[in-house]
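Using this note's numbering, read the sequence shown as starting at 3 and increasing by one per residue. Glycine included, C-beta positions come from ideal geometry on N, C-alpha and C. If you're wondering where the values come from, they're calculated on a predicted model, not measured in any experiment. Written below as structure tokens is the structure these notes are about.
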Amino acid sequence: MTADQATDQVEAAGCPVAHGRPTVEFDHHFGAEGTQPEEAYRELREKCPVAWTEANGGHWVVTKHADVTQVFMDYGSFSSARTDPTGELSTLAIPPLPMKLNVPEEFDPPQFHPYRRLLNGVLSQKAVRDGLTERIRYWADWHIDQVIESGACDMVYDLASPMVGAVVLEWLGFPQEDWRRISQSFHDAVGYAPSDPRAQKAFGELAGFQEPRISEEIAIRQRELAEGRVRDDVMGFLVSQEIDGAPMTTEMAEGMVRLLIAGGVDTTASGSTSAFVHLYQHPEHRQALIEDPSLWDTAVDEFLRRYPPVLGHARTVVKPVTVGGYEMAPGERVLVSEASACWDADQFDRADEVVLDRTPNRHAAFGLGIHRCAGLHLARLMFRILVERVLERMPDYVVAEDQLHRYAEQSGMAGWTSVPATFTPGPRVLG
Ligand code: HEM
């Protein structure tokens with residue numbers, strides 16, 4: 003499509019065009035109240051699918067499934083690497099955020115590949131299924147056991163968040179005293195407004211976790227390696243690896259561990275919690291999954307498509323490129339919305355509904371292209387086992403809908419801060 007044709011089309015749909023670009027007043031930081039991401043992205047898809055906004059320093063917004071796919075696949079034109087000259091800011095967010103390096107999410111090829119290969123090995127479908135199914139089931143049952151006799155719990159704070167934290171942090175090799183504190187801090191840091199005391203406390207916890215906890219654990223394994231021992235956990239594995247013939251550096255090992263925690267914990271907890279709320283609101287779906295567990299083969303991805311925990315990531319244009327008829331110039335920033343792609347009715351029939359047996363389902367909740375989520379097999383398995391065990395052990399749970407609150411600021415992530423529920427008490431299963 004030429005720029006003129008694209009302009010005719012968006013003007014006909016009601017999108018203002020300024021300086022040859024569809025230009026919108028759009029800020030992707032959504033409060034818990036007021037216009038929600040789903041509504042705002044729907045409007046963009048319908049009127050201005052590729053648009054420029056002056057908000058947050060000025061950037062493009064890409065919202066249709068086809069265009070989101072193009073941007074994520076074309077890593078030669080759209081870079082994930084840091085462009086901030088101080089190196090202190092992650093440019094995967096708009097505006098850039100002060101953050102330590104996440105490896106390899108913030109690398110482009112060729113630097114990207116050797117790190118990603120290591121993750122592909124430890125997170126392959128087989129490695130996850132054979133190595134982690136029992137641990138996931140154990141930690142799902144253990145967390146349900148802690149509340150099952152009382153008949154009441156918070157499905158975020160008592161189940162999803164600590165259970166996912168236990169699986170991921172145990173697998174990495176962190177001691178148990180870190181698990182709940184860290185997973186809850188990740189949740190509180192994204193779930194509450196930055197000024198909220200819970201978020202403030204979480205920021206403090208997370209700062210201490212980045213430095214010194216991750217460095218201490220990496221240093222322990224490096225000392226063991228120097229003595230000829232490799233500890234049997236993922237941190238032990240990573241520090242023992244070579245990259246392009248040289249030993250893994252401390253900075254890169256820490257950057258990978260940091261990303262595995264930040265990328266794995268609250269994303270999976272948010273996704274499963276959204277499924278808990280949906281299944282309360284749609285008893286017919288709850289019943290269908292109880293009666294026919296084979297539906298789980300498609301249901302997990304459909305829940306993630308309908309309730310994507312990740313709303314968007316940024317890229318930086320590094321060479322002239324055309325998207326949806328509009329030329330983007332090097333240096334320009336692009337917000338690419340995985341969530342909006344998931345909701346695109348041109349890609350998905352009945353896009354607003356949860357269709358438990360939807361297939362095919364080329365959703366974008368895990369991203370697309372070379373940076374597509376390295377942990378998706380682990381995420382799917384944790385999600386499925388946790389929700390399945392809740393349906394088996396507390397099938398009549400009732401969510402206190404009047405106490406549901408969305409994340410206070412939904413920009414990169416979305417979800418429920420807390421999901422209080424009651425149910426008929428039952429017996430523990432782990433003794
Ligand atoms: C439902 C849960 C999850 C969702 C929705 C999710 C979503 C995503 C998305 C959208 C990306 C792409 C980022 C980009 O393009 O810049 C990504 C990357 C990544 N995720 Fe996940 N994720 C989930 C769970 C996990 C888990 C459990 C782990 C591991 C413990 C994990 C580890 C990673 C890593 C390492 C990357 C970076 C991959 C790369 O740059 O090559 N994620 N995830």
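Could you tell me the distance, in whole angstroms, from the CA atom of residue i to the CA atom of residue j?
i    : j    : result
A366 : A228 : 42 Å
G238 : P106 : 18 Å
S126 : I372 : 15 Å
T9   : P18  : 9 Å
R225 : I184 : 25 Å
A5   : T324 : 9 Å
A331 : S82  : 16 Å
G417 : A277 : 10 Å
A347 : Q148 : 42 Å
D354 : E41  : 11 Å
A34  : Q412 : 7 Å
V421 : A154 : 11 Å
Helix, strand or coil for residue i per DSSP?
i    : result
D344 : One detail in the question is off: residue 344 reads as Cys in this sequence, not Asp. C344 falls in the helix class under three-state DSSP.
Q72  : helix
D10  : helix
R364 : coil
G33  : strand
H61  : strand
T251 : coil
P295 : helix
R200 : helix
T4   : coil
F211 : helix
I222 : helix
E244 : strand
Relative to the alpha-carbon of residue i, which residue among the options has its alpha-carbon at the smallest distance?
i    : options                : result
P51  : A14, L297, T426, A34   : A14
I138 : F80, M3, A5, L161      : L161
V236 : R307, L121, G78, T300  : L121
R307 : N58, S272, I292        : S272
P429 : L134, W144, T9         : W144
V124 : G206, L262, I222, D147 : L262
Y77  : D110, A53, G89, V70    : D110
T270 : E136, G206, V401, M415 : M415
R395 : A381, L432, L406       : L432
E27  : E90, W62, S342         : W62
G158 : L388, P397, Q412, D398 : According to the sequence displayed, residue 158 carries Val and not Gly. Here the closest residue by C-alpha is L388.
G36  : P427, P422, R408, T424 : R408
P295 : R47, L174, R391, F74   : R391
State the beta-bridge partners of residue i as determined by DSSP.
i    : result
S420 : H407
Q412 : F32
A277 : Beta-bridge pairing links A277 to no other residue.
M330 : V323
A53  : V63
V401 : A423
Consider the C-beta atom of residue i and the heavy atoms of the ligand HEM; say whether any pair is separated by less than 7 Å.
i    : result
G414 : no
V192 : no
P106 : yes
P51  : no
R15  : Residue 15 is actually Ala in this sequence, not Arg. It does not: the Cβ of A15 is nowhere closer than 7 Å to a heavy atom of the ligand HEM.
E340 : yes
P98  : no
C375 : yes
T85  : no
V279 : no
V73  : no
P311 : yes
G273 : yes
F305 : no
V320 : no
F385 : yes
S82  : yes
H315 : yes
R118 : yes
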